[in-house]
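Shown next, in C-alpha cells, is the structure this report addresses.
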Amino acid sequence: MKKKVAFVCVHNSCRSQMAEAWAKKLGNHVLEVYSAGTENYHEVKLGAVKVMEEAGIDMSEHYPKLLTDIPEEVDILITMGCNVVCPFVPCSHTEDWGLEDPSGGPIEGFRNTRDLIKTKVEDLIKRVENKEL
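Heads up: the sequence shown is residues 1169 to 1301, going by our numbering.
As C-alpha cells, this is what we get:
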C-alpha cells in the first residue's frame, strides 16, 4: 500500500511543486503524492517549471492547489521551510525541509533548490521503502 505524502508551502508555486513532481517521477511505486499551499496563488513560478524541464520533468500542467484540494489526512506531511506555521494536517509523520525560496532570484537558485529537493525526495523514498516511515 502506498504512503500518502503531501508537500506543503505557502503558495504551492515553487518548492512544493518541484517536490511533488520529483516524488511522482521517482517514487510512484511507494508514494501517493500531493502538494498544496496555505494561500491562493495564480501560477507555478516559471523558474521552477523551466529548471524541472531541464531535468526532464514537465510541470507545464501543474497549478497551485490549496490544502482543501488534497486528502484531509495523509501519512507524511513535508513542509518546505516557509517560516510560517502550517495548519494542522492529520498525519503519522511530519518534517520540515527548511528550503529557501528561490523565487525572485537568479535561475541558478532554482536549479540548486531543484537538486536539493531531488536528494531529499530520494531519501524520503528510501525511508518509505525500508519501512522507516
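Even for Gly, the Cβ is constructed at its ideal location relative to N, Cα and C.
Note that the coordinates shown come from a computational prediction; the quantities given were computed from them, not determined experimentally.
Using beta-carbon positions only, say whether residue i and residue j come within less than 8 Å of one another.
i, j, result
"V1201", "E1221", "no"
"E1211", "S1181", "yes"
"I1238", "A1191", "no"
"R1183", "L1292", "no"
"L1199", "K1170", "yes"
"E1276", "P1258", "no"
"F1278", "A1216", "yes"
Applying the criterion that 16 or more other CB atoms from any shown protein chain within 10 Å of the CB defines a buried residue, is residue i buried or exposed?
i, result
"K1294", "exposed"
"K1214", "Note on identity: in this sequence residue 1214 is Leu, with Lys being the wrong assignment. Exposed, since its Cβ has fewer than 16 Cβ neighbours within 10 Å."
"H1197", "exposed"
Based on the DSSP secondary-structure assignment, which residues constitute the bridge partners of residue i?
i, result
"L1234", "G1205"
"H1261", "I1244"
"L1199", "K1171"
What are the start and end residues of the beta strand (DSSP E) that includes residue i?
i, result
"L1301", "No beta strand (DSSP E) holds L1301; DSSP gives it neither H nor E."
"V1176", "K1171 to C1177"
message: With a threshold of 8 Å, are at least 3 pairs of Cβ atoms found where one atom belongs to the stretch 1282-1294 and the other to the stretch 1231-1240?
response: no
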